[in-house]
Structures are given as C-alpha cells and as structure tokens.
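Participant: Below is one structure. I have some questions about it.
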Amino acid sequence: MTPLAFSDVAVPELEFMRGRVVAFFGDSVDRFALVHICDFFGGEVETVWRDHPLMPALPQGREHAPEGYRSHRNTTDWPASEMGVPHICRLARYDFHLVNVFQFGLFPEDEPLTRHHHFLPPGDFEGRFNTFVVPLLDNLAARRRAERDAALAAADDPSAALDVDTSYPISAAPDLFVTTPTFWNLMRYPQELPLPEGEWTRNLGMWAPPTRERQDWWERRVQEVLVHIGKAWGGAKGTTKLVWRRLHTVYGENRWPVAKVKAQDDVAVEVIRLLQQESVAAETRSGWARWIKEVVPTLGPTWDTNRTRDEVQSLGLARRVKVLEWGKVFDGQQFHGSKDGVHPNPLPGNWVYSNMWLDALRRHINSQG
1 MTPLAFSDVA
11 VPELEFMRGR
21 VVAFFGDSVD
31 RFALVHICDF
41 FGGEVETVWR
51 DHPLMPALPQ
61 GREHAPEGYR
71 SHRNTTDWPA
81 SEMGVPHICR
91 LARYDFHLVN
101 VFQFGLFPED
111 EPLTRHHHFL
121 PPGDFEGRFN
131 TFVVPLLDNL
141 AARRRAERDA
151 ALAAADDPSA
161 ALDVDTSYPI
171 SAAPDLFVTT
181 PTFWNLMRYP
191 QELPLPEGEW
201 TRNLGMWAPP
211 TRERQDWWER
221 RVQEVLVHIG
231 KAWGGAKGTT
241 KLVWRRLHTV
251 YGENRWPVAK
261 VKAQDDVAVE
271 VIRLLQQESV
281 AAETRSGWAR
291 WIKEVVPTLG
301 PTWDTNRTRD
311 EVQSLGLARR
321 VKVLEWGKVF
331 DGQQFHGSKD
341 GVHPNPLPGN
351 WVYSNMWLDA
361 LRRHINSQG
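Going by the UniProt record's numbering, the sequence shown opens with residue 1, and the numbers climb by one from there.
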C-alpha cells in the first residue's frame with residue numbers, strides 16, 4: 001500500500017504526486033473520499049460555493065431558478081447545498097490538488113432533479129462536465145500560476161527565488177480523471193418517470209433485473225459519455241488518464257436494488273472493454289476493416305456504428321482508460337465499514353480507495369518517463 005502519512009514533510013515515495021491534479025466526477029461517495037484523504041494527509045479542503053472565485057459561471061439564462069420554483073428544501077432559487085458544489089483538497093507540501101465535482105449519473109436532466117437540494121444547472125452528465133469540470137480546472141490552473149508568479153516576484157533576491165518550485169508545469173488538464181456512473185442511475189430512469197414522491201428506490205423492484213429497454217439505453221449512454229470525456233484535454237494527444245470506478249454493493253433502509261447495481265456495472269465494464277478493442281482495431285487499416293466487417297455486426301443495435309477510424313484514433317481509449325475495481329475490493333465492508341450502508345468510513349474503505357487511485361496515478365506518471 002502507498003505509505004500515506006500525516007506529516008508536514010514530503011515523503012520520497014510520494015514524489016510522483018508533486019504538482020499533480022486528480023479530478024473526481026462522481027457522487028457523494030467521492031466527496032467523502034476527498035474529505036477523508038485530506039484528513040489522512042492533514043490537507044486543506046476548500047468548498048467552492050457559488051460566490052467562490054474558482055466557481056464557473058452557470059449556463060446563460062439559468063443563473064437563477066425560474067419564477068415559481070421551489071426546491072425540496074423550500075428555497076426559491078437553486079439550493080446549491082454543500083453536497084452539490086465542487087470541493088478541492090490541497091496538499092501543500094506536494095502542491096497536489098484533488099478536485100471533486102458532483103454529478104447525477106448518465107440520465108438527462110428533468111424536473112424532479114432540478115428540485116433536489118444538490119442541484120445546480122445543468123443536470124446532465126455532459127452538461128455538468130462542460131460547465132463545471134473543465135472550467136473549474138482551468139480556473140484552478142490560473143490561480144496556481146498566479147500564486148507561483150507572485151511568489152517569484154516577492155523573492156527579495158535571485159537566491160530566494162530558488163525556493164519556489166518551478167520544476168513542473170502547471171496545466172489545466174488533470175493527470176488522472178476518475179468518474180463513475182453513480183448510484184443515482186439506479187433511482188431514476190427517464191422512460192420510467194415520473195416516479196411517485198418519496199423514497200424512489202422503493203418503487204424499483206429489489207431483485208428485478210434491468211429491463212431490456214433500460215439496458216439498451218445504458219449501453220448507449222456509457223459509449224456516449226466515454227467518447228465525450230475522451231475528447232477533452234487533447235484526447236489521445238494529451239496526458240490525462242481516464243479511470244472508471246466500479247460501484248460497490250450497497251444496502252440499507254432504502255432497500256437499494258442490488259441486482260441492478262451489479263447488472264449495470266457489469267454492462268458498463270463490457271462496453272469499456274469493447275471500446276478498447278475498437279481502439280486497438282483502429283491502429284491499422286486491416287484491423288479496422290476486420291472490426292467493421294466481423295465484430296460490429298455482432299454487437300447489436302446499441303453499438304454506435306458512426307464512429308470513424310480517425311475519431312476512434314483521436315480518443316486513444318485502449319491505453320487511456322482504466323477500470324478501477326473498487327467495487328470488488330469493498331464488497332462485504334458495506335455491513336460494518338460504512339456510515340449508512342452506502343458511504344465508506346475513512347478506515348478501511350477510503351484508505352483503501354485512496355491507495356487504489358494513488359497507485360493508478362503513480363503508474364501513469366511513471367509510464368510517462
């Protein structure tokens with residue numbers, strides 16, 4: 001395991017973290033994970049409220065809720081609760097930043113979602129990625145550059161300037177981008193709305209498998225979101241590693257539909273595997289020809305056949321995407337290692353999770369030479 005340490009002194013084994021940025025694009029599980037690793041390291045958590053200088057602008061025309069709006073918490077404007085705004089953990093001794101942006105899963109925005117106390121527009125995956133993730137990382141990079149420039153300018157003499165670490169570039173592209181389908185997909189699905197008021201999960205069927213319609217929708221959406229994030233930060237020419245975090249099994253008084261967790265998670269991983277195979281096939285003309293002729297006809301109607309070889313090459317998903325098997329590791333811990341059957345405790349859950357994605361970051365950095 002990576003030797004995390006509550007210490008003001010940098011640890012040589014963790015030098016791969018220096019100057020790096022990791023971005024989580026997930027749900028409250030990731031928010032708790034950010035807070036816990038910040039506690040492990042003695043770092044500083046920054047909540048990016050609506051008036052925070054790093055907070056990106058909301059979509060034009062949606063800066064405020066429409067007339068007559070009322071949220072679940074009885075506010076007449078977007079609630080913007082702490083649970084729905086971004087958070088940043090900074091570990092100063094490494095100039096390392098972990099950013100978390102909340103998202104509601106892969107389904108489109110709808111009225112029940114807009115009234116939830118987590119909500120800030122937009123509510124769809126791609127919209128939140130474009131509105132919050134990319135601009136927030138741009139703003140963070142700009143602030144870090146300004147802080148470095150100010151430190152250099154404030155140095156009394158050239159020798160003092162040597163204390164300012166300029167050994168690494170500051171980029172708006174994260175070194176590691178970790179996303180997940182979130183548990184919100186289990187609670188709502190566009191074609192099945194509106195669900196009755198109250199506890200959504202009680203109406204989903206505890207052990208019923210996903211319907212064929214739901215699974216088809218899910219297969220398409222996983223492709224769409226991976227292609228979307230794959231285009232960001234330079235695509236295959238960039239240096240961002242993309243990580244898909246598998247869900248863990250949950251339980252509790254909400255009677256979570258356990259079978260749907262496993263079924264949708266397995267489908268997503270299979271789609272990722274096929275996208276990686278498509279990426280390998282696109283490396284050569286002959287491989288692409290075989291893929292189109294022999295493989296695509298077997299993939300069914302949910303597979304996007306409109307992607308060209310050039311587009312697939314520009315994504316480079318074969319080498320850029322990693323599936324993080326967090327769900328398998330945490331299985332069983334939900335009964336005594338979580339606060340509510342859903343959110344892992346700091347130990348052992350989020351200690352282990354932190355080590356897993358830190359190891360993915362270390363391997364990625366080392367692979368760059």
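Note that beta-carbon positions come from the ideal geometry of N, C-alpha and C, so glycine has one too.
1. Would Gln334 and Gly341 qualify as a contact pair, given that the criterion is a beta-carbon distance under 7 Å?
2. How would you label Val321, buried or exposed, when you count the other beta carbons within 10 angstroms and need 16 or more for buried?
3. Of all Cβ atoms in chain C, is any one closer than 7 Å to the Cβ of Thr76?
4. Report buried or exposed for Tyr94, applying the criterion of at least 16 other Cβ atoms within 10 angstroms of its Cβ.
5. Starting from the N-terminal side, write out each stretch of the alpha helix (DSSP H) that is 4 residues or longer and does not extend beyond the stretch 265-306.
6. Hey, Val134 and Ala232 are a contact pair by Cβ (cut 8 Å); roughly how many whole angstroms apart?
7. Mapping DSSP to helix, strand and coil, what is Glu325?
8. Under 7 Å between the Cβ atoms of Leu247 and Gly327?
9. Which residues share a DSSP beta bridge with Ala142?
10. If we require 3 or more residues per run, which beta strand (DSSP E) segments fall completely within the stretch 66-104?
11. Just curious, the beta strand (DSSP E) that Val243 is in, first and last residue?
12. Counting along the chain, where does the beta strand (DSSP E) carrying Thr47 start and finish?
13. So the candidates are Asp138, Asn130, Thr302; which of them puts its Cα closest to the Cα of Gln215?
14. Select from Ala80, Ala282, Arg290 the residue whose C-alpha is nearest the C-alpha of Glu311.
15. Please list, in chain order, all residues of the same chain as Gly123 whose beta carbon is under 6 Å from its beta carbon, the five residues on each side excluded.
16. In this structure, does DSSP put Thr249 in helix, strand or coil?
17. To which residues of the same chain is Pro79 closer than 7 Å at the C-beta, ignoring the five residues directly before and after it?
18. Let me confirm a value: Asp331 is counted as buried when at least 16 other C-beta atoms fall within 10 Å, else exposed. Which label applies?
19. Return the residue from the list Gly316, Lys293, Ile292, Asn345 that minimises the CA-CA distance to Val280.
20. Measuring alpha carbon to alpha carbon, tell me which of Gly369, Arg290, His343, Phe32 ends up nearest Ala89.
21. Let me check one thing: in DSSP terms, what residues is Pro344 bridge-paired to?
22. Are the stretch 47-57 and the stretch 360-369 in contact at 8 Å, needing three or more beta carbon pairs?
23. Check the C-beta distance from Tyr251 over to Gly19 and give it rounded, since I have them as a contact under 8 Å.
24. Could you check the C-alpha separation between Ala154 and Thr166 for me, to the nearest Å?
25. Quick check: the Cα distance between Gln191 and Gly235, rounded to an integer number of angstroms?
26. To the nearest angstrom, report how far apart Leu136 and Lys293 are at their CA atoms.
27. Could you give the DSSP three-state label for Gly26: helix, strand or coil?
28. I'd like the list of long-range same chain contacts for Cys38, defined as Cβ closer than 6 Å, with 5 residues on each side in sequence excluded.
29. On the premise that Leu91 lies in contact with Gly43, defined as a C-beta separation below 8 Å, what is that separation, rounded to the nearest angstrom?
30. Looking at the unbroken alpha helix (DSSP H) that takes in Leu358, where does it start and where does it end?
31. Is it buried or exposed, Thr180, if we count other Cβ atoms within 10 angstroms and call 16 or more buried?
32. Can you tell me the Cβ-Cβ gap for Ala360 and Leu176, rounded? I've got them flagged as a contact below 8 Å.
33. When we look at the beta-carbon of His36 and count the other beta-carbons within 10 Å, is it buried (16 or more) or exposed?
34. If you follow the beta strand (DSSP E) that Phe177 is part of, which residue opens it and which one closes it?
35. With DSSP as the reference, label Val11 as helix, strand or coil.
36. Can you tell me whether Val35 is helix, strand or coil according to DSSP?
Facilitator: This is what the structure gives:
1. yes
2. buried
3. Absent here is chain C; the protein component of the structure consists of one chain.
4. buried
5. Entirely contained in the stretch 265-306, the alpha helix (DSSP H) runs reaching 4 residues are, in chain order, 285-290.
6. 6 Å
7. coil
8. yes
9. DSSP, once it has assigned bridges, lists no residue as partnering Ala142.
10. 87-91, 96-102
11. Note, Val243: beta strand (DSSP E), 241-245.
12. 44-47
13. Thr302
14. Ala282
15. Cβ within range, chain order: Phe104, Glu109, Leu113.
16. When secondary structure is reduced to three states using DSSP, Thr249 falls in the coil class, being assigned neither helix nor strand.
17. Once the five neighbours on either side are set aside, the close Cβ partners of Pro79 are Ser71, Arg73, His117, Phe119.
18. A residue is called buried when at least 16 other Cβ atoms come within 10 angstroms of its Cβ; Asp331 does not meet this threshold and is exposed.
19. Gly316
20. This sequence places Cys at residue 89; Ala is not what is there. Looking at the Cα atoms, Phe32 is the closest of the given residues.
21. Ser338
22. Cβ pair count under 8 Å is below three, so no.
23. Contact flag wrong, Cβ pair sits at about 40 Å.
24. 15 Å
25. Unreliable placement is indicated for Gln191, whose pLDDT of 49 sits below 50; the coordinate value is still reported in the next sentence. Taking the straight line from one Cα to the other gives about 32 Å.
26. 42 Å
27. strand
28. Setting aside the 5 residues that flank it on each side, Cys38 is surrounded in the same chain by Val45, Cys89, each with a C-beta closer than 6 Å to its C-beta; the list follows chain order.
29. Confirmed, about 4 Å.
30. 351-367
31. buried
32. Between Leu176 and Ala360 the Cβ distance is about 6 Å, and since that is below 8 Å, they are a contact.
33. buried
34. 176-179
35. coil
36. Helix.
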